[in-house]
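Enquirer:
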Amino acid sequence: MAKKKDQTENHRQCFRSRSMEEDKENLCADGAMRFTIASYPKEAFEVMSLMRQHQKLCDVEIRVCNEIFHAHKIVLASASPYFKLYVIQSIL
1 MAKKKDQTEN HRQCFRSRSM EEDKENLCAD GAMRFTIASY PKEAFEVMSL MRQHQKLCDV
61 EIRVCNEIFH AHKIVLASAS PYFKLYVIQS IL
């Protein structure tokens with residue numbers, strides 16, 4: 001029952017009515033609307049971490065001694081200049 005209540009609350013937050021002033025704040029210079037979800041980066045990395053733990057959509061293996069680490073190239077490349085160079089060079 002608590003889960004349904006949380007979903008209802010999330011629905012209200014996503015679709016709450018806004019004032020015209022709030023809408024103006026979200027307009028970009030080219031007239032496009034800006035939409036942000038503050039929790040998105042944290043939630044996205046949590047999902048990627050869970051997928052990595054279950055070896056889903058992993059596209060690289062890093063071997064250290066006798067241990068193998070499964071990872072996502074895009075995450076490694078975005079977090080490290082070394083891995084960014086490695087990933088870019090492996091694509092070319």
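For the sequence shown, the residue numbers in full-length UniProt numbering are 1 to 92.
Using N, Cα and C, we set each Cβ at its ideal position, and we do this for glycine too.
#1: With a Cβ-Cβ cutoff of 8 Å, do K73 and V87 count as a contact?
#2: Would you list, in sequence order, the uninterrupted beta strand (DSSP E) runs of no fewer than 3 residues that lie entirely inside the UniProt domain "BTB" (58-92)?
#3: Using DSSP with H/G/I as helix, E/B as strand and the rest coil, what is S39?
#4: In three-state terms, what does DSSP make of A44?
Expert: Working from what's here:
#1: yes
#2: 60-64, 67-71
#3: Correct three-state label for S39: coil.
#4: helix
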